[in-house]
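Notes to accompany the following structure.
4 protein chains.
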Amino acid sequence: MKRIGFLGLGTMGSPMAVNLCKAGYTVYGWNRSDGKTGPLLAAGGRAAASIRAAVRGADVVITMLPDAPQVEEVAYGPEGILANTRPGALLIDMSTIAPQSSVELARNAAAHGIRVLDAPVAGGEAGAVEGILSIMVGGEADDLEEARPVFEALGKTITRCGTHGLGQTVKAANQLVLAINIQACAEAVVFLEKSGVDLEAALDVLSGGLAGSNVLTRKKTNFLNRDYTPSFRMGLHHKDMGIVTDTARAIGAVIPLGGIAAQLMASAMARGDAEIDHSALLHGVELLSGYDRPQE
Amino acid sequence: MKRIGFLGLGTMGSPMAVNLCKAGYTVYGWNRSDGKTGPLLAAGGRAAASIRAAVRGADVVITMLPDAPQVEEVAYGPEGILANTRPGALLIDMSTIAPQSSVELARNAAAHGIRVLDAPVAGGEAGAVEGILSIMVGGEADDLEEARPVFEALGKTITRCGTHGLGQTVKAANQLVLAINIQACAEAVVFLEKSGVDLEAALDVLSGGLAGSNVLTRKKTNFLNRDYTPSFRMGLHHKDMGIVTDTARAIGAVIPLGGIAAQLMASAMARGDAEIDHSALLHGVELLSGYDRPQE
Amino acid sequence: MKRIGFLGLGTMGSPMAVNLCKAGYTVYGWNRSDGKTGPLLAAGGRAAASIRAAVRGADVVITMLPDAPQVEEVAYGPEGILANTRPGALLIDMSTIAPQSSVELARNAAAHGIRVLDAPVAGGEAGAVEGILSIMVGGEADDLEEARPVFEALGKTITRCGTHGLGQTVKAANQLVLAINIQACAEAVVFLEKSGVDLEAALDVLSGGLAGSNVLTRKKTNFLNRDYTPSFRMGLHHKDMGIVTDTARAIGAVIPLGGIAAQLMASAMARGDAEIDHSALLHGVELLSGYDRPQE
Amino acid sequence: MKRIGFLGLGTMGSPMAVNLCKAGYTVYGWNRSDGKTGPLLAAGGRAAASIRAAVRGADVVITMLPDAPQVEEVAYGPEGILANTRPGALLIDMSTIAPQSSVELARNAAAHGIRVLDAPVAGGEAGAVEGILSIMVGGEADDLEEARPVFEALGKTITRCGTHGLGQTVKAANQLVLAINIQACAEAVVFLEKSGVDLEAALDVLSGGLAGSNVLTRKKTNFLNRDYTPSFRMGLHHKDMGIVTDTARAIGAVIPLGGIAAQLMASAMARGDAEIDHSALLHGVELLSGYDRPQE
Chain R
732 MKRIGFLGLG TMGSPMAVNL CKAGYTVYGW NRSDGKTGPL LAAGGRAAAS
782 IRAAVRGADV VITMLPDAPQ VEEVAYGPEG ILANTRPGAL LIDMSTIAPQ
832 SSVELARNAA AHGIRVLDAP VAGGEAGAVE GILSIMVGGE ADDLEEARPV
882 FEALGKTITR CGTHGLGQTV KAANQLVLAI NIQACAEAVV FLEKSGVDLE
932 AALDVLSGGL AGSNVLTRKK TNFLNRDYTP SFRMGLHHKD MGIVTDTARA
982 IGAVIPLGGI AAQLMASAMA RGDAEIDHSA LLHGVELLSG YDRPQE
Chain E
732 MKRIGFLGLG TMGSPMAVNL CKAGYTVYGW NRSDGKTGPL LAAGGRAAAS
782 IRAAVRGADV VITMLPDAPQ VEEVAYGPEG ILANTRPGAL LIDMSTIAPQ
832 SSVELARNAA AHGIRVLDAP VAGGEAGAVE GILSIMVGGE ADDLEEARPV
882 FEALGKTITR CGTHGLGQTV KAANQLVLAI NIQACAEAVV FLEKSGVDLE
932 AALDVLSGGL AGSNVLTRKK TNFLNRDYTP SFRMGLHHKD MGIVTDTARA
982 IGAVIPLGGI AAQLMASAMA RGDAEIDHSA LLHGVELLSG YDRPQE
Chain P
732 MKRIGFLGLG TMGSPMAVNL CKAGYTVYGW NRSDGKTGPL LAAGGRAAAS
782 IRAAVRGADV VITMLPDAPQ VEEVAYGPEG ILANTRPGAL LIDMSTIAPQ
832 SSVELARNAA AHGIRVLDAP VAGGEAGAVE GILSIMVGGE ADDLEEARPV
882 FEALGKTITR CGTHGLGQTV KAANQLVLAI NIQACAEAVV FLEKSGVDLE
932 AALDVLSGGL AGSNVLTRKK TNFLNRDYTP SFRMGLHHKD MGIVTDTARA
982 IGAVIPLGGI AAQLMASAMA RGDAEIDHSA LLHGVELLSG YDRPQE
Chain F
732 MKRIGFLGLG TMGSPMAVNL CKAGYTVYGW NRSDGKTGPL LAAGGRAAAS
782 IRAAVRGADV VITMLPDAPQ VEEVAYGPEG ILANTRPGAL LIDMSTIAPQ
832 SSVELARNAA AHGIRVLDAP VAGGEAGAVE GILSIMVGGE ADDLEEARPV
882 FEALGKTITR CGTHGLGQTV KAANQLVLAI NIQACAEAVV FLEKSGVDLE
932 AALDVLSGGL AGSNVLTRKK TNFLNRDYTP SFRMGLHHKD MGIVTDTARA
982 IGAVIPLGGI AAQLMASAMA RGDAEIDHSA LLHGVELLSG YDRPQE
């Protein structure tokens, strides 16, 4: 399993493809828009001019794309992955898409003799660059074992969550909890500041107890400085909340806080915060609270 | 500062009073209901037959009571703390009550020449027994310095949050974030289980990423086993959510998730879950989702 | 039953006192702040210089005040209603206060031999002026019969809701449903306008079906013109939502939409909309949706 | 315009097709499942054995189907409406589907020279039988004028809401407001009953004021008797709430109460209430409030 077709060389995909080169794989990279192959070429990879060129002869095809429509566009049709990948190959979709879309992809690929794993990741751009992503895998256990060396070039934690789509389910649950935790902190920040508490001291106290969380620790300076330099963009989290609410609806899981958090994230989008960090949910709480933070 | 009157020898107060004895203080303990002084006496403390007897001659008076009405009942009136403590003494209220009640207590005590600190704690019964509570202090900085040796006999982290009431404000923010984090996890648990994911594996994945939290780690077995042996009782958290929503309303901090979390905790109370652990918010999500977990 | 002491000559109380004069009662009016007795005097009523002067010799005492603290201030204490009204008289509190406060008032008054009805009203200033208020009465049925002629001078619909406090309970339920209905319309307005629908035509369609409501009909021009001339001020409805959420909490009634509606009304307050009409909940939805309505 | 192909002879479609016969139209009815053509035949209509047979030669084709997938299934493909209807004919889709699906249908039909109106209805089965539906029309004004005689055989109120899809938008807004109003009443019912108020008297009081609504009036006996005989089934309203939340998300309209109402309706579905009346949202509030209504 030496040759990999890698489709989607964006913020996440590009460093992932580079790490695969470094691990000794022959990587043929393709991206819809031009000008994304530089890092891959520098790492010894090759640029493919078409999906067909990227996947032909590949043992493994990896997709890292924004959402299900993009995955479906590269997977299906006469120029797509399924029509041009050799039977017996393994298609690993590392995009974050709806569980149901992953299930359908696996079913459609099976008709071509292609096995599929859904393998969305957590860890952000930094995790992609450093090769320490957390990878949530849905699909056959044997296929995961076959793919393990590939995954180990990309991430640190590799977890099989169950059958097709369940990697996506765990990713969705992650985004659900994360959105709510951020909003919880945002509500606490305004509550504390409006009361006149020293915010940094207070957040440190909260971090030390049962209310402590990775959001509190890692987003602390974002909250303190209203610094919304994107680590994970609101627009992506908003997309994920669509997956969360659709999936919850489909399976009959009732998520009252998730439902409101999705509305508040939609509000951030409507107010123009798509391109900044998701910690900017704090914006919305300030707005609702008529709160204009005093300048120091 | 050697003599301490300690009012309220319940689950939290009793081990706290014991730790003060161990640290060398002369502790006069009092409790409204009988039969609570055993551990204190065993540690070398003394039982006071009345509030008056507990506080007379004390350098420091500590209250550890369920809520503001109980604090006000022991503080005010001819038999109460303010009327019977020597001017110049320090009253430390370690109960969790509304910030506004703490402000009023400080103002009323000042008229008697008594200084007040609000000093609610986090860390639960285990933290009280081991003397490793997190203590959030509101009041004058000098008074905190004077009380520091007392606090150090009780806790590990001692943080001045600001003026009178702001210790309570930070405690309230803590309970706000905590309730929401628990509910977030509860929603994720049903979302994951209904999808057919292995719950333990999934929670471990979430714990490792930005969605990770102390709730996920410390309440994991509660969620996995539906074990609601109380570490912190729903009824107490419900009381605290009343403080949170009242205070938010008073200061104009808008807390959409907090508002819903408070309703869901009120639902737990209405359904009879007052005496079990607050992680039983999961009960409510199961109920809403018509989810009856398959027996193994 | 000819002599009435009337306490609270505000926007509602003043025209109510006038209507009682017109119905033939001898009305002694009192108001905390000066300059409110003009309409009453013009209608043949008398100005009382103190609570004591207003209630002395009265068969019926009526209070029409902003909230429970004001009612309690005029009711209790040596200068208050209970100490200065003759035993056997009837105290009718027409203020909107918490049911529990009404229950306590009735209990305290009973110790003075004074009977109490809680009788909050709906219908607004127009209803007060025209004497067509809807009156929700809690207390003894016999007392209501005795008071009926008085009520008939003030309102059109007089309903006994049950024992002490239950008039307030029905009023609270009214304010709960009303706040939610307004917010529902506000959400629909932004939904429709952002889609490009002609708003007036759409609201007319909604009014004609099961979604129709008095809010849709009577507030239609407020929504269409963003005209928030106060008919019922946000600040008063916000006060009422505090009663709603406190009472729901006390009785174990879970109100998810009510909880959110209360937060959104608190947001309106925090953003400075206290003095405009409660239909300005639409402001908040526009803000959340980043919606700046195109000028015609 | 004398010949009509009518696709979908369900609870709503069957009486609508009958009314068209009565108005003098030649109606060819088709339904996916058998055994639905009885009333149409009795009214002088004809049964079509296929979509093709129903639409061939028709001046107007009407679809009345559960949701967008069913509409798309009968519209597209070689056996579908677009391929078999004569250019110049008018396709009126009276189903309740997503506005975006209506826009796409209109665009696809235009390529076949077929004009489209979206014309969802309100008024329920009774309105369909009596021919007094409220019809919300999106599409060209000229096309509406051409179709007006057809609409007048079916409904009482015919409103042009704007271009393609905007009839659906108004229907969605209707379902949004309606779901929230029902839930508001449900919360009030439990609030009132748990307080001990006579429910019927209280609902009558609310109906008379600004909180009054068609839900309060028409669903009163459902609430009083917990009679959930379906007038409009929860399952259909749940489907509509999916359209509401998807559309709101797509256009950036933030609907906090709508988001929660959708969750609570999803809860009703998950708990098995799909086939009963949507007023059974009251079930959910009872459950959350741990409320078991005392038997009379």
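So the sequence lines, in the order shown, correspond to chains R, E, P and F. First residue of the first sequence? That's 732 in my numbering, and the numbers climb one at a time after it. First residue of the second sequence? That's 732 in my numbering, and the numbers climb one at a time after it. First residue of the third sequence? That's 732 in my numbering, and the numbers climb one at a time after it. First residue of the fourth sequence? That's 732 in my numbering, and the numbers climb one at a time after it. The beta carbon of each residue, even a glycine, is placed where N, CA and C say it ideally should be.
Is the shortest distance between the beta-carbon of residue i and the beta-carbons of chain E less than 9 Å?
i	result
Gln914(P)	no
Gly739(F)	no
Gly1015(F)	yes
Ile828(R)	no
Ser998(P)	yes
Met795(R)	no
Going by DSSP, what residues sit across from residue i in a beta bridge?
i	result
Met867(F)	Thr890(F)
Asp849(P)	Asp824(P) and Gly869(P)
Thr757(P)	Arg734(P)
Asp1004(R)	Asp1004(R) pairs with nothing; no bridge assigned.
Arg777(P)	Tyr759(P)
Val791(F)	Ile735(F) and Leu821(F)
Would residue i count as contacting chain R if we go by Cβ distances under 9 Å?
i	result
Thr1032(E)	This structure leaves residue 1032(E) out entirely; chain E is present only between 732 and 1027.
Phe922(E)	yes
Leu967(F)	no
Gln994(P)	yes
Pro987(F)	yes
When you compare the CB of residue i with every CB in chain P, is at least one pair closer than 9 Å?
i	result
Ile1007(R)	no
Thr960(F)	no
Glu835(F)	no
Gly943(F)	yes
Gly990(E)	yes
Ala1001(R)	yes
Would you say residue i lies against chain F (beta-carbon separation less than 9 Å)?
i	result
Ile911(P)	yes
Pro746(R)	no
Ser926(E)	no
Ile720(P)	Residue 720(P) lies beyond the residue range present for chain P, which begins at 732 and ends at 1027; the question has no answer from this structure.
Starting from residue i and walking both ways along the alpha helix (DSSP H), at which residues does that stretch end?
i	result
Val921(P)	Leu897 to Ser926
Gly973(P)	Met965 to Ile982
Arg783(R)	Ile782 to Val786
Ala932(F)	Leu930 to Ser938
Leu740(P)	Run containing Leu740(P): none; DSSP gives neither H nor E here.
Arg949(P)	Asn945 to Arg949
His1014(P)	Leu1012 to Leu1019
Val985(R)	Per DSSP, Val985(R) belongs to no alpha helix (DSSP H) and is neither H nor E.
Gly855(E)	Gly855 to Glu861
Unbroken stretches of the alpha helix (DSSP H), 4 residues or longer, contained in the segment 794-846 of chain P:
Within the segment 794-846 of chain P, the runs of alpha helix (DSSP H) at least 4 residues long that lie entirely inside it are, in chain order, 799-806, 812-815 and 830-841.
query = On the three-pair Cβ rule with 8 Å, is the segment 870-890 of chain R touching the segment 914-923 of chain R?
reply = Under the Cβ criterion (8 Å, minimum of three pairs), the segment 870-890 of chain R does not count as touching the segment 914-923 of chain R.
Could you check whether the segment 961-979 of chain E touches the segment 988-1007 of chain E, counting it as contact only if at least three pairs of C-beta atoms, one from each stretch, sit closer than 8 Å? yes
#### Entry: Contact between the segment 928-939 of chain P and the segment 954-965 of chain P (3+ Cβ pairs under 8 Å)
Under the Cβ criterion (8 Å, minimum of three pairs), the segment 928-939 of chain P counts as touching the segment 954-965 of chain P.
Query raised in the report: Should the segment 739-751 of chain P be called in touch with the segment 1012-1023 of chain E, which here means at least 3 C-beta pairs below 8 Å?
Result: Segments in contact, no.
Quiz prompt | the segment 890-906 of chain P touching the segment 937-948 of chain P, judged by at least three CB pairs closer than 8 Å | solution = no
Requested in this report: Tell me, please, whether the segment 868-877 of chain E touches the segment 844-852 of chain E by the rule of three or more beta-carbon pairs shorter than 8 Å.
Outcome: yes
**Request:** Could you tell me whether the segment 824-843 of chain P touches the segment 789-798 of chain P, using the rule of 3 or more Cβ pairs below 8 Å?
**Result:** yes
Worksheet item: Counting Cβ pairs closer than 8 Å, one from the segment 994-1003 of chain F and one from the segment 959-973 of chain F, do we hit at least three?
Response: yes
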